[in-house]
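Asks: Residue numbers (the working numbering), protein chains in the order written: chain E, 1 to 287; chain P, 1001 to 1337; chain B, 2001 to 2508.
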Amino acid sequence: MSAFQDFVVLSLVKAAPLIYAALAGVICERAGILNIALEGQLTVGAFAAVAVSFATGNPVVGLLAGVAAGALVGLLLGVAATRFGVDQIVAGTGINLLALGGAAFGLTVVFGQPGASAEVPALGVTGERIIVIGAFVAAVLLHLGLYRTPWGLRTRASGENPRAVHSAGIDPRNVRLVATLLGGALAGLGGVYLSLAELDLYSDGMTAGRGFIALAAVIFGRWTPLGATGAALGFGALAALQFVLQRSGVPSEFMQALPYLAALAALTGIAGRARAPQADGVPYAEV
Amino acid sequence: MIRGLWIGFGLAVVAAAAMLLAGANPLLGFWALFRGALGGERQISETLVQTTSLLFPSLAVAFAFRAGLFNIGAEGQLVIGGLAAGVIGARLDTSGLISIPILLVAGAAGGAAWGSIAGILRARFGGNEVIATLMLNIIAALLANYLVVGPLHSPGAAGAETAELPHSSWLPTLLPDTRLTVALLIALALAFVLRWVFDRTVFGYELRAAGDAPEAARRAGIDLAKTAFVAMALSGAMAGLGGATIVTGVLHRFNVSLSPGYGFIAIAVALVGDLDPLKIIIASFAFGILQSGALTMQALAHVPKDVVSFVEGLAIVALAARRFVAGRKQMTAVAQE
Amino acid sequence: MAITSSTERAGGEPVDAALELRGIDKVYPGGVHAVAGVDLDVFPGEIHALCGENGAGKTTLASIAAGKLKATAGTVVARGNVGLVHQHFELVDRLRVWENVVLGREPRRGAELDRAAARAEVERLSREYGLAVDPDAVVETLPVGIAQRVELLRELARDPAVLILDEPTAVLAPAEIDALFATVRALAQRGTAVLIITHKLQEVVAHTSRITVMRAGKVVARLETGRTNVDDIARAMVGGELPELAARLEIAQHQALAVHGLSAGESSLAVRDASFEVRGGEIVGVAGVEGNGQSALADALAGVIPYRGTIELGGVVLPAGDPAQRIACGIRTIPQDRRREALVLPWSIVENAALGDQRSPSLRRGATVDRKAARELAKRIVERFDVRTPSVDTSVSELSGGNQQKVVVGRALAHDPKFLLVYQPTRGIDVGAAALVQSRLIEARNAGVAVLLISFELDEVLALSDRVIVMYRGSIVGTFERGSIDRARIGSLMAGAGLQAEPVVESA
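#1: What's the C-alpha gap between residue 1333(P) and residue 2477(B)?
#2: With 9 Å as the C-beta to C-beta threshold (strictly closer), list the residues of the region 65-90 of chain E near chain P in chain order.
#3: Can you tell me the Cα-Cα spacing of residue 107(E) and residue 51(E), whole angstroms?
#4: Among 1050(P), 1129(P), 1026(P), which has the Cα closest to the Cα of residue 1037(P)?
#5: Taking only beta carbons into account, state which residues of the region 1113-1140 of chain P come closer than 7 Å to chain E, listed in chain order.
#6: Assuming residue 152(E) and residue 145(E) are in contact, meaning their beta carbons sit under 8 Å apart, how far apart are those beta carbons, in whole angstroms?
#7: Could you list which residues in chain B have their beta carbon closer than 8 Å to that of residue 1212(P), in chain order?
#8: Would you check if the distance between the CB atom of residue 73(E) and the CB atom of residue 37(E) is smaller than 8 Å?
#9: Determine the burial state of residue 1155(P): buried for a count of at least 16 other Cβ atoms within 10 Å of its Cβ, exposed for fewer.
#10: For residue 14(E), which option in 216(E), 193(E), 282(E) has the closest C-alpha, if you only look at C-alpha atoms?
#11: If we define contact as Cβ-Cβ less than 8 Å, is residue 1337(P) a contact residue for chain E?
#12: For residue 1173(P), I'd like the list of residues in its chain whose CB is within less than 7 Å of its CB, leaving aside the five on either flank, ordered along the chain.
#13: Residues of chain E with CB closer than 8 Å to the CB of residue 2068(B), please, in chain order.
#14: Quick check: what's the CA-CA separation for residue 1017(P) versus residue 2027(B)?
#15: I'd like to check one pair, residue 2025(B) with residue 2018(B): are the Cβ atoms closer than 8 Å?
#16: For residue 214(E), which residues from the same chain have a beta carbon less than 6 Å from its beta carbon, with the 5 sequence-adjacent residues on both sides left out?
#17: Tell me, please, whether the CB atom of residue 235(E) is closer than 8 Å to any CB atom in chain P?
#18: Does the Cβ-Cβ distance between residue 2211(B) and residue 2051(B) come in under 8 Å?
#19: Please state the DSSP three-state secondary structure of residue 1947(B).
#20: In this structure, how does DSSP classify residue 1141(P) when only helix, strand and coil are distinguished?
#21: Got a sec: which bits of the region 1145-1163 of chain P sit with their beta carbon under 7 Å from any beta carbon on chain E, in order along the chain?
#22: Anyone know if the C-beta pair for residue 1089(P) and residue 1165(P) falls short of 8 Å?
#23: Skipping 5 residues on each side, what residues in its chain have a beta carbon closer than 8 Å to that of residue 2048(B)?
#24: Does the Cβ-Cβ distance between residue 1138(P) and residue 230(E) come in under 8 Å?
#25: Alpha carbons only, please: which of 1069(P), 1175(P), 1123(P) is nearest the one belonging to residue 1043(P)?
#26: Assuming residue 142(E) and residue 219(E) form a contact by the criterion Cβ under 8 Å, report the distance between their Cβ atoms to the nearest whole angstrom.
#27: Considering only DSSP beta bridges, list what residue 2112(B) is partnered with.
#28: Whose C-beta lies closer than 7 Å to the C-beta of residue 245(E) among residues of the same chain, with five residues either side of it excluded?
#29: Report the option in 2444(B), 2449(B), 2472(B) whose CA atom is closest to the CA atom of residue 2456(B).
#30: Can you tell me whether residue 1325(P) is helix, strand or coil according to DSSP?
#31: With 8 Å set as the bound, which would you pick, yes or no: does the beta-carbon of residue 29(E) sit closer than that to a beta-carbon of chain B?
#32: Taking 8 Å as the threshold (C-beta atoms), are residue 1264(P) and residue 1075(P) in contact?
#33: Once you ignore the five residues that flank residue 1337(P) on each side, which residues in its own chain have a CB closer than 6 Å to its CB?
#34: For a test of the three-state rule: what should DSSP assign to residue 2450(B), helix, strand or coil?
#35: Return yes when the Cβ of residue 119(E) is within less than 8 Å of the Cβ of residue 200(E), no when it is not.
#36: How would you call residue 1330(P), buried or exposed, if buried means at least 16 neighbouring beta carbons within 10 angstroms?
What follows is the structure, given as structure tokens:
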């Protein structure tokens, strides 16, 4: 059925940025960093991609810039959390604020107008498809990486007991830093999708809380890459559903609120009492 | 203290760099900022208005933080409080002596109810209040939008806002022809009350114990779940009260955009103020200067006002390294044993 | 006390030390001088004891020797790898044994982790050192004695020339201790230099050849095991005569606490169907190796976890899960972890003094805290318990462990409790403070308080108790009156030897 096919495609489109952000969340939390700044990373990824695409005329360069911008913000969070002992939740909130402000500021500086950018060279349909497929590839790669490689072992250990990792001769702070860098890059790519693949411009607040939905997906998915991807797909389907039900009497705000309500429900333990990594959000201080 | 000054200096440098990037003159930018904030009676009154709007959610956030809870949802609680005040206020036409208290209480109640949701999730289900309050912020905005445009639409209102409140329900001003109202006095009083609650009362003692050493507090007979719930509810009430004062004092109606992110900036203010209500008054004033001066800075020096939120975000990141909610973290100090 | 040369004369052949520490100094950012000018040599094949009371700097020194911590000054020369088995294991609970053992040195097959090779390595090491363990087991499911093996294996996998063991027998039953020392002896015979940090002097005398004693960060004695005895070592550790405890008085006892069929906690750490009573005017000591249900018992008595069965105080059944009610009835606790469970570290002594009693009429005036009364209370505690502090307004975090514990004990005794639950009262505090705390407990007993003492130090239990009950795997397996304490019997019951139908009861 064509309508069903449309629904599936739309679900995938809506889910793609969520998957990237959720995977970023999984990497970071498994390493022990509570990444509240996913929203900010999506934002800078989206904005940087548009700005650079505008400046260079090349959307692929824009894509790279978006990934780099996300990675940079990830690094900021990682450095603040591991080297300066900054509280991760507060730092994350601050990063979200500065990302939004910075992007809005950037809009005026680069495009001379607030609110939204001009239309810029975008990635086109092929590019869009590649990124969507890339999300699933990334999920599988992350799964293999976490559970089959030495890097994965060290990362998981850092999120559970950084002291033990330190005992084994590895600095858990470096492990966490790498995680935030990778996570930031993934989230940045998710942001790039929003501005350069799904659309061809950046507008204020276009991330619309996706970074927070991704956090919910991480919890629903029990901090595993495949689980989080599944949850993100579910949320994508919810968003797609909203379009389908647009004509019905259901208020659009309710549909938009569904993912967030689902996240609240997850907090009541409906999704099962999975356990977060033991050292999630706990800073590790070496003496 | 010294460290704080260094951070402040660093932030100023970053701001200057951003201004240069925007093609503006940093000196002109800073001058315009301060002129816009403090340059005259009207300007100062506007700055105080911003101070007041920040003070309520900042006290709310600090209150929760002292109890060991991260209330990132002050923004949503503020919106719901404002919504309650606006929706009721647009329909209530009676003497100010009656209507104003009702509206302020409604605002506090709305905020308290919103905060309680996160409180219950935490107390009853052990749900992380960070995620809960973040989600509730967005839900609040969506809910407000829906209600104000739809079922609770006031006749005569255009767009995502209520009709204007009758003049009797407007908060009395402190300075004629300005937006500065008695809300400032209410906020200041609240700060002093909170300070007293923390320092002197048994309730404040138990709250601080729950925040600073939850395990010890539990064994001392303090009900952690109940404390968490009450703290979130009261915190929400304060933020909601702030929303109500914006509705009754500044805008004279409820509008979904009534807050330019006060609930988030409040986190920075609470941190700068060391979670101490009296210091938070000063911090609110400092940030109030930034908020009110930003528009002038944009108009006169052509510096996009978003640089302010950028700097505020940076301030939060830089300041969060301070001694924070000690009980929530593992003591990573070296054990002497 | 400095060392001049690092060669040994054993058997006439000069041999270089495997581990050579010279002039080690460690000052922490807060100003604490943990280690001051320490020299130490450990030779291949020797089992060397490092003794000292808690806070003497032993663990810090060990961390420096193993390269986990940087010294502020001094040199560390190690001829080979240095392995360190920590007092509190540093294992990743949720990972498997093999994952923990190879962490940091993972065998690879291309980009992947070579699980087969890792498992094979664990099995090989197990056989070689006689430490049986299932490579695929998840660490958090293992009993403590087996978990220790995992950490040992992890260190042994690096083929260390020096192996440091920090308080290795603290969590082991007597049989497991014997097995451990057999392994240690075998290691020494292979040429490994072994350094054991311990305060268990009986073990030192039985298994080591040389002893270095530290006090307050410095080396104060170097002894040859063959030429010294437990008392000498103890005196060196304390720097003088051991303080004496208060005298026990003959007093009449009355019914106070009665426990019937108490079950609480989870799986291997649970307490099962425990029944006993503690009379006013007696100290009942619970002997047992850590991890045999003591924490569940303590938490149930304190009212912080749910339980089945009944707990009565003075004939009245206590409601479950209500610490506030317990306090109001006159039950006080001295918890196991004072920093987390008894004190609010950033607060002053005054504020901490009120904790637990903040709602009682003596410390409250309506809705406000009676600061004056709290202050008076704090001053009384500081005086009566000899708390060394500049003032009662000092933050408790600035006090030493011993002084912190005195505050906790003083507060617990300040309101004339009917029942006192004491859990590891002298953990991590200096001998002087420990003696004072123990004396105060005896004095409380003399005054008619019912005291339940849970401690992992058998000596402490035996020294203080009127009656000893032994716990093993959550059950009470034996009861001994003071007059008929049989240490060997208790030891074997602690290890599970006495699993017969009836628990052993020995009366005077």
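Glycine residues also receive a C-beta, built at the ideal position from the N, C-alpha and C atoms. Every value quoted in this text rests on a predicted model; they were computed, and no experiment measured them.
Replies: According to the structure shown:
#1: Bear in mind that the predicted position of residue 1333(P) carries a pLDDT of just 30, short of 50, making it unreliable; the figure below should be weighed with that in mind. Residue 1333(P) and residue 2477(B): Cα-Cα distance of roughly 39 Å.
#2: 76, 77, 80, 84, 85, 86, 87, 88, 89, 90
#3: 8 Å
#4: 1050(P)
#5: 1121, 1125, 1127, 1128, 1130, 1131, 1132, 1134, 1135, 1138, 1139
#6: 5 Å
#7: 2344, 2345, 2346, 2347
#8: yes
#9: exposed
#10: 193(E)
#11: Residue confidence is low: residue 1337(P) scores 25 on pLDDT, short of 50, so the model does not pin down where it sits. Its coordinate-derived value is still stated next. Not one chain E Cβ lies under 8 Å of residue 1337(P).
#12: 1180, 1181
#13: 166, 167
#14: 41 Å
#15: no
#16: 18, 21, 22, 25, 38
#17: no
#18: yes
#19: No statement about residue 1947(B) is possible, as the shown extent of chain B runs from 2001 to 2508 and does not include it.
#20: helix
#21: 1145, 1146, 1150
#22: yes
#23: 2042, 2193, 2194, 2195, 2196, 2208, 2209, 2210, 2211, 2212
#24: no
#25: 1175(P)
#26: About 17 Å separates the two Cβ atoms, so there is no contact after all.
#27: 2109(B)
#28: 255
#29: 2472(B)
#30: Low local confidence applies: a pLDDT of 39 at residue 1325(P) is under 50, so the model's placement there is unreliable, with the coordinate-based value given in what follows. Coil at residue 1325(P), not helix or strand.
#31: no
#32: yes
#33: Legend: pLDDT at residue 1337(P) = 25, less than 50; position of this residue unreliable, value from coordinates given subsequently. Same-chain partners within the cutoff: there are none.
#34: strand
#35: yes
#36: In this prediction, residue 1330(P) has a pLDDT of 31, which is less than 50 and means its spatial position is unreliable; what the coordinates show is noted afterwards. With fewer than 16 other Cβ atoms within 10 Å, it is exposed.
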